[in-house]
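Per the working numbering, numbering through the sequence shown is continuous, rising by one, with the last residue being 243. For each residue, glycine too, the CB sits at the ideal point set by N, CA and C. One structure is given here, and the rest of the page talks about it.
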Amino acid sequence: MKQSLLTDEFIYIDYRERGLIERLRKKARVSVGNFPVDVIVKDVGIERKTGRDFEASIIDDRLFEQVQVLKEFPKKVVIVEGPFEGRLGEKHVIGAMASLVLQGIAIIRTRNLDESAYFVYSLSKEHQAETKIYVPEKRKQPQLATLAGIPGVGKKRAQKLLSHFGSLNKVFSAKLEDLQALLGPTLGKKVYNFIHKRYEEW
């Protein structure tokens, strides 16, 4: 992660978050641009998801990949806004939230966009200490972080896997013998079993 040239007097909002931009411009100094996360307030990275988006991300297995860039920030928050559609059971939703919390990501529930905007505004006011603004140094970090999170792999082996296979898809599609040739018999088998283990609900 590198320290950027952004200053801490602004709330930095990604240009796609039009609703937040419209609301926060009335109360705070807002800088709009193409940022790696939805909102940056000093050293806090924030992602905003509606209840519908949150459920869809779980269903499509995209949630944890999407938050990898967020994890590059010293402090990280996911805003979950509005009601869920009921496409998933409570266990799935709560389990996903618990997993994010264990990864150091705070979960904030808001009822609507106005509350989300007020949370961001309040955070900017409460966070008064002199703080640097951070942005991730490399956009390829999510792939590395995904592999590094597999037990026994870590960052160096994740880099080795990506360099050898070229993509996450090819790593996950690799044959057992190919993984063992690269990682050794024991770890190669553990990684293969981890990737292909069937998901079991409670």
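With burial defined as no fewer than 16 other Cβ atoms inside 10 Å of the residue's Cβ, what is the status of residue i: buried or exposed?
i      : result
Glu63  : exposed
Arg89  : buried
Ala222 : exposed
Phe235 : exposed
Leu24  : Here the chain comprises residues numbered 42 to 243, so residue 24 is not present and cannot be evaluated.
Ala137 : buried
Ile100 : exposed
Leu61  : buried
Ile135 : exposed
Who are residue i's beta bridge partners in DSSP?
i      : result
Ile120 : Arg89, Ile149
Ser72  : Tyr53
Taking the continuous alpha helix (DSSP H) assigned at residue i, which residues delimit it?
i      : result
Ile81  : Unbroken run through Ile81 is the beta strand (DSSP E), 80 to 82; no alpha helix (DSSP H).
Pro77  : Per DSSP, Pro77 belongs to no alpha helix (DSSP H) and is neither H nor E.
Lys67  : Looking at the DSSP string, Lys67 is not in any alpha helix (DSSP H), and its letter there is neither H nor E.
Val110 : First-last for Val110: undefined, no H or E at that position.
Glu136 : The residue you asked about is not Glu; residue 136 is Gly in the sequence shown. 131 to 143 is the extent of the alpha helix (DSSP H) around Gly136.
Arg198 : 195 to 206
Are residue i and residue j closer than 9 Å when you measure CB to CB?
i      : j      : result
Asp79  : Arg59  : no
Thr187 : Leu209 : yes
Ser72  : Ile52  : yes
Ser140 : Phe105 : yes
Tyr85  : Pro124 : In the sequence as presented, Tyr is not what sits at residue 85; that position holds Val. Contact: no.
Arg152 : Ile120 : no
Asp55  : Asn75  : yes
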